[in-house]
Every structure is written in C-alpha cells, then in structure tokens.
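**Q** The numbering used here numbers the first residue of the sequence shown as 82 and each following residue consecutively.
Using N, Cα and C, we set each Cβ at its ideal position, and we do this for glycine too.
Bear in mind that the values here come from a model prediction, so they are computed numbers and not experimental data.
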Amino acid sequence: MKKDLQTRSSHRFNMSGNDFGWGRPIAMKAGIRGKSNGMTTVNEGPVEGSIDIDISLPMEVFEAMEHDVEFMEAFLF
82 MKKDLQTRSS HRFNMSGNDF GWGRPIAMKA GIRGKSNGMT TVNEGPVEGS
132 IDIDISLPME VFEAMEHDVE FMEAFLF
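(1) What separation, rounded to the nearest whole angstrom, lies between the Cα atoms of Glu141 and Asn118?
(2) Who are Val123's beta bridge partners in DSSP?
(3) Using alpha carbons as the reference points, say which of Thr121, His148, Leu157 lies closest to Ile132.
(4) Please state if the CB of Ile107 and the CB of Val123 are separated by a distance shorter than 9 Å.
(5) Assign Glu125 to buried or exposed, taking buried as 16 or more other Cβ atoms, counted over all protein chains shown, within 10 Å of its Cβ.
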C-alpha cells in the first residue's frame, strides 16, 4: 500500500454556510472522485468552532482502527 498523505480544504467556500431553505447542512460529503488513500479533507463544521474531517482510507484500515482499543479510547467521552 502506498503511504501518501494529502490534505485539502478551501477558505474560499463556506460549505456549512449554505442554506437552500432546508436549514444549514449537518454534514458535507465530497464523494469518491479525486480521492486517494490518505486524502484528508478538512472543512468548517456545522457548529461554530467545530471541524468536519473526511478521511479516505481502505476499509481494512478503518476496521483495524475500530479494533485498536488504545486508538478508540481517544474517542470515548
């Protein structure tokens, strides 16, 4: 597996500020186009001061992360 890491974002487009009459978005998804293993997209989150992180990795990597007790402890509140 290649070990690339790419990060992208846009300060020019307020994705969570769009309101088409249905209210503000609660999540943004970019789809699979233009993504590769290790692609990370960071955008403003739906709540002021929050961020939305979209990470593109193979399913087996996510499954390994899910079963890593030490990693998952970081997300317990």
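**A** Inspection of the coordinates gives the following:
(1) Answer to the nearest angstrom: the Cα atoms are 12 Å apart.
(2) Answer is Ile134.
(3) If we check each option's Cα against that of Ile132, Thr121 comes out closest.
(4) If you check the CB distance, Val123 and Ile107 do not come in under 9 Å.
(5) Within a 10 Å sphere around the beta-carbon of Glu125 sit 16 or more other beta-carbons, which makes this residue buried.
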